[in-house]
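A short write-up of the structure that comes next.
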Amino acid sequence: MRKLIAALVLSAIVAVGAPFVAPWNQTVASPIVIGRVHKDYQPTRGKIFVLVIGNDARAGNPNTARADGIHIIGVNTETMRGGILNFPRDSWVSIPGSGTGRINEALYQGGPKLLATTLESITRIHLDYWVMTGFKGFSAIIRALGGVKLNVQRDLYDPGGSGADIQSGVQSLDDHDSLAYVRTRHNFPQGDIDRTTNQGRFLLAMLRKLRREVTRSPAAVMRWMAVTRKHTRLDVAPSVLFRLGVLASQMSARDIGNVTVPVSTGTVGAASVVFIQPAARSIYARFREHGSL
Amino acid sequence: MSSARSQERWLLLAPLTALIVVVGGVGAFLWITNPPEPESSSRPGMTEQPRVARMPRRTSPERPPLEQAPWRIKTFPVAKGGDFTKDLRKSWLRQRPKIKKVVRGVYDELFLDGRAGRGELRDDFANGSGRALLDSAAGLPRGARRVETVRRSARIGVTARRPTRAAAQVVIGVKGLRLRRSFRLRHRSTLWLERDGGRWRVIAFEIDQVPATKA
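Heads up: the protein sequence lines correspond to chains L and C, in order.
Under the numbering used here, think of the first position of the first sequence as 1, with each following residue one higher.
Under the numbering used here, think of the first position of the second sequence as 1001, with each following residue one higher.
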């Protein structure tokens, strides 16, 4: 009882006395720390997988193109991480409705859709979209975007093949050198396998460029979109392409793995091919589940 | 026993005494600063007593409404392509005021009219991005008042040939009061917008908001 009375008295003293201790209506000029807010909102959700195809269509073979570059780009919009899974063009695979053959044949036989179906049956990854371009379209894209900067890992000199003459180190590649870079295989110990990995590196360099440009001006997304639509074939609606472009511009190349499926070299009859190794299954499973590598 | 009892009584009485002294002191202070008005006599012919001189009660002067920084908005066409004809340009120009209205509206809601603070946003957002914007804690801190924008600027790129997509880069500088202290904020954000039918909507955003270094 005594304690209760003492507590009540103390409270009363504090209540009466407090205004005399802290004057009101006085502004103290110190900023309130609100904290850094840096929240992004992405226009799409979940995991997205896009098949990117580089075909060898040129003046001499406009209708009989085969796939020279085959890449599945995956993005997890929750983690904002991704992956590029590269397939060497000579990979010996089962092509639905056609038996077995090199994977690049699927494009020749049934277009991008058959190639997509072939990859889905191998990886069990559902592909949401595909985008395809040839030599001419690729060069036009790079020209329109003003070239791409990337770190070339070794000197490339291939005058009789891709026409490459590029020194190692950080280089700004114009349309001619960019095409040569992604086509070169003779300078590499593992030939086409290393070329495929290089193509993945080039895609990452383009992503870095997109991000740099969008940081300066977000409207760059629309410019890239216009260039892509003009020089590629794709089954992506414009509104979806816009959303994918915004999403891509928010991703860091550091958070995107570049992986080529493990293969071993061999022959089928007289044809020189590569066989995808069983270890690839765990890569597919990881990619399917996480949308990243 | 009796001395213990008297000690207990003293322990009870001392704080009570202190309280009475304090309350009495407060009452006296208030009386001196605000004595009651003497009643005016109602009898005819009787002269009024002279009023006691006293300090006039302090009242806050009426505050003028705060002036907000004018919007400085620049728009430009993106991906003009080969031939940006007069008709294409006219079609593009028709969209400019609509986009500006949406952009201004979003930031008015975040910083001025209090809607964002109440968890409301207008229907300028698509696919849940409005909710995400509210959840991002961008905008004013709770309880902010006397909010004044010191800067409001935007650069908006709009697709040229078919004006259906836009990207707005916005900078807002704000100062105000909260919990009797002044604050300053610098807010930078990007809105990506798309036209659906006749309406422009925000489909994605990126925000960077920090307290400014000067108080």
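For every residue, glycine included, the Cβ atom is placed at its ideal position computed from N, Cα and C.
Taking the alpha carbon of G99/L as the point to measure from, which residue in N86/L, P112/L, R233/L and T118/L has its own alpha carbon closest? Here the question's residue 99/L lines up with position 99 in the first sequence. It is T118/L.
With hydrogens ignored, establish whether the beta-carbon of L179/L is closer than 6 Å to any heavy atom of the ligand MN. For the structure depicted, the ligand MN is absent and the ligand set is empty, with no information on it obtainable.
Below 7 Å between beta carbons: does that hold for S178/L and R211/L? Position 178 of the first sequence, counted from the first residue, corresponds to residue 178/L. Position 211 of the first sequence, counted from the first residue, corresponds to residue 211/L. No. Outside cutoff.
When the Cα atoms are used, what is the spatial distance from P31/L to V1147/C? The sequence position of residue 31/L within the first sequence is 31, counting from 1. The sequence position of residue 1147/C within the second sequence is 147, counting from 1. Because the pLDDT at P31/L is just 33, under 50, the model does not fix this residue reliably, and the point stays unresolved.
Collapsed DSSP secondary structure at I142/L in the structure displayed: Taking the first sequence and counting its residues from 1, the one referred to as residue 142/L is at position 142. I142/L: helix per DSSP, three-state reduction.
Near G1081/C, what residues of its chain come up, given a Cβ to Cβ distance below 8 Å and the 5 sequence neighbours on each side ignored? What you label residue 1081/C is simply residue 81 of the second sequence in a count that begins at 1. If you ignore the 5 residues before and after G1081/C, its C-beta comes within less than 8 Å of the C-beta of A1160 and R1161, all in its own chain and listed in chain order.
Residues in its own chain within less than 6 Å of P1141/C by CB, not counting five upstream and five downstream? For the purposes of this step, residue 1141/C is taken as the residue at position 141 of the second sequence. Excluding positions up to five away in sequence, the list reads R1178.
Are three or more beta carbon pairs between the stretch 76 to 96 of chain L and the stretch 246 to 264 of chain L nearer than 8 Å? Segments in contact, yes.
For G257/L, I'd like the list of residues in its chain whose CB is within less than 6 Å of its CB, leaving aside the five on either flank, ordered along the chain. Sequence index remark: in the first sequence, residue 257/L carries index 257 (1-based). Within its own chain, the residues whose Cβ lies closer than 6 Å to the Cβ of G257/L, once the five positions on either side in sequence are excluded, are G83 and L293, listed in chain order.
Look at V1150/C and G1173/C and say whether their C-beta atoms are less than 7 Å apart. Your numbering for residue 1150/C matches position 150 in the second sequence. Your numbering for residue 1173/C matches position 173 in the second sequence. Going by C-beta atoms, V1150/C is nearer than 7 Å to G1173/C.
Excluding five sequence neighbours on each side, which residues of the same chain lie with their C-beta closer than 6 Å to the C-beta of F1076/C? Working through the second sequence from its first residue, we reach residue 1076/C at position 76. Same-chain partners within the cutoff: G1157.
Can you pull the chain L neighbours of W1200/C, defined as C-beta to C-beta under 8 Å? Indexing the second sequence from 1 puts residue 1200/C at position 200. The CB of W1200/C never comes closer than 8 Å to any CB in chain L; the least such distance is about 13 Å.
Find out if the Cβ-Cβ distance for the pair T1190/C, P218/L is shorter than 7 Å. Counting from 1 along the second sequence, the entry for residue 1190/C is found at position 190. Counting from 1 along the first sequence, the entry for residue 218/L is found at position 218. It is a contact, given that the beta carbons lie within the stated cut-off.
Cβ separation of L204/L and A253/L, assumed to be a contact under 8 Å, to the nearest whole Å: As a working mapping, residue 204/L is identified with position 204 in the first sequence. As a working mapping, residue 253/L is identified with position 253 in the first sequence. In this structure L204/L touches A253/L by the C-beta definition: roughly 5 Å separates them, less than 8 Å.
Who are F188/L's beta bridge partners in DSSP? Along the first sequence, one-based indexing puts residue 188/L at 188. Bridge partners of F188/L: none, in fact.
I'd like to know if Q1095/C contacts chain L, where contact means its C-beta is closer than 7 Å to some C-beta of that chain. Mapped onto the second sequence, residue 1095/C falls at position 95. Answer no: the Cβ-Cβ gap between Q1095/C and chain L never drops below 7 Å.
Determine whether the Cβ of Y41/L lies closer than 7 Å to any Cβ atom of chain C. Sequence index remark: in the first sequence, residue 41/L carries index 41 (1-based). Flagged as an interface residue toward chain C: Y41/L, by a C-beta distance shorter than 7 Å.
At which residues does the beta strand (DSSP E) containing T1190/C begin and terminate? Mapped onto the second sequence, residue 1190/C falls at position 190. For T1190/C, the uninterrupted beta strand (DSSP E) segment begins and ends at R1181 to D1196.
When burial is assigned at 16 or more other CB atoms within 10 Å of the CB, is T27/L buried or exposed? Position 27 of the first sequence holds residue 27/L. Reliability fails at T27/L, whose pLDDT of 34 lies under 50, so the model's placement of it is uncertain and the value that follows must be treated cautiously. Under this definition T27/L is an exposed residue.
For G160/L, which of helix, strand or coil comes out of DSSP? On the first sequence, position 160 is the one that residue 160/L refers to. G160/L: coil per DSSP, three-state reduction.
Reduced DSSP secondary structure (H/G/I, E/B, other) of E1148/C: Here residue 1148/C corresponds to residue number 148 of the second sequence, with the count starting at 1. When secondary structure is reduced to three states using DSSP, E1148/C falls in the strand class.
List the whole-angstrom C-beta distance separating R1165/C from F242/L, where the pair is believed to meet the contact cut-off of C-beta under 8 Å. Here residue 1165/C refers to the residue found at position 165 of the second sequence. Here residue 242/L refers to the residue found at position 242 of the first sequence. Right, their Cβ atoms sit about 6 Å apart.
Starting from the N-terminal side, write out each stretch of the alpha helix (DSSP H) that is 4 residues or longer and does not extend beyond the stretch 55 to 108 of chain L. Listed in chain order, there is nothing to give.
In chain C, which residues lie less than 8 Å from R223/L when you measure between Cβ atoms? Position 223 of the first sequence, counted from the start, is the residue given in the question as residue 223/L. Ordered by position in chain C, the residues that pass the 8 Å Cβ test against R223/L are V1078 and A1079.
Please confirm if V246/L has its CB atom under 7 Å from at least one CB of chain C. Counting from one through the first sequence, the residue named residue 246/L turns up at place 246. Judged by the 7 Å Cβ criterion, V246/L is in contact with chain C.
Going by DSSP in three states, G257/L sits in which element: helix, strand or coil? Residue 257/L sits at position 257 when you count from the first residue of the first sequence. G257/L: strand per DSSP, three-state reduction.
Sequence-distant residues of the same chain with beta carbon closer than 6 Å to D175/L, five excluded per side: The count along the first sequence starts at 1 and reaches residue 175/L at position 175. Cβ within range, chain order: S139, I142 and R143.
So, helix, strand or coil for K1074/C, using DSSP? As a position in the second sequence, residue 1074/C is number 74, starting the count at 1. Looking at K1074/C - three-state DSSP - the assignment turns out to be strand.
Please report the distance separating the alpha-carbon of M206/L from that of M251/L. In the first sequence, counting from the first residue as 1, residue 206/L sits at position 206. In the first sequence, counting from the first residue as 1, residue 251/L sits at position 251. Rounded to whole angstroms, M206/L and M251/L show a C-alpha spacing of 12 Å.
With DSSP as the reference, label E1067/C as helix, strand or coil. Looking up residue 1067/C in the second sequence gives position 67. It is coil, neither helix nor strand.
Which residue or residues does DSSP assign as beta-bridge partners of W130/L? As a first step, residue 130/L must be located in the first sequence, where it is residue number 130. W130/L pairs with L51/L.
Any 3 or more C-beta pairs closer than 8 Å across the stretch 192 to 202 of chain L and the stretch 229 to 238 of chain L: Under the 8 Å Cβ criterion, the stretch 192 to 202 of chain L does not count as touching the stretch 229 to 238 of chain L, having fewer than three qualifying pairs.
Beta carbon of A67/L nearer than 7 Å to that of L107/L: Mapped onto the first sequence, residue 67/L falls at position 67. Mapped onto the first sequence, residue 107/L falls at position 107. Cβ distance < 7 Å, so A67/L and L107/L count as in contact.
Going by beta-carbon coordinates alone, are R55/L and G134/L separated by less than 7 Å? Looking up residue 55/L in the first sequence gives position 55. Looking up residue 134/L in the first sequence gives position 134. In the sequence as presented, Arg is not what sits at residue 55/L; that position holds Asn. In contact: N55/L and G134/L (Cβ atoms closer than 7 Å).
Considering D1208/C, what are the terminal residues of the beta strand (DSSP E) in which it resides? Position 208 of the second sequence, counted from the start, is the residue given in the question as residue 1208/C. Element bounds for D1208/C: R1199 to P1211.
Our contact map puts S1129/C next to I1207/C with C-beta atoms below 8 Å; I'd like the distance itself, whole angstroms only. Indexing the second sequence from 1 puts residue 1129/C at position 129. Indexing the second sequence from 1 puts residue 1207/C at position 207. With a Cβ gap of about 11 Å, S1129/C and I1207/C do not count as contacting.
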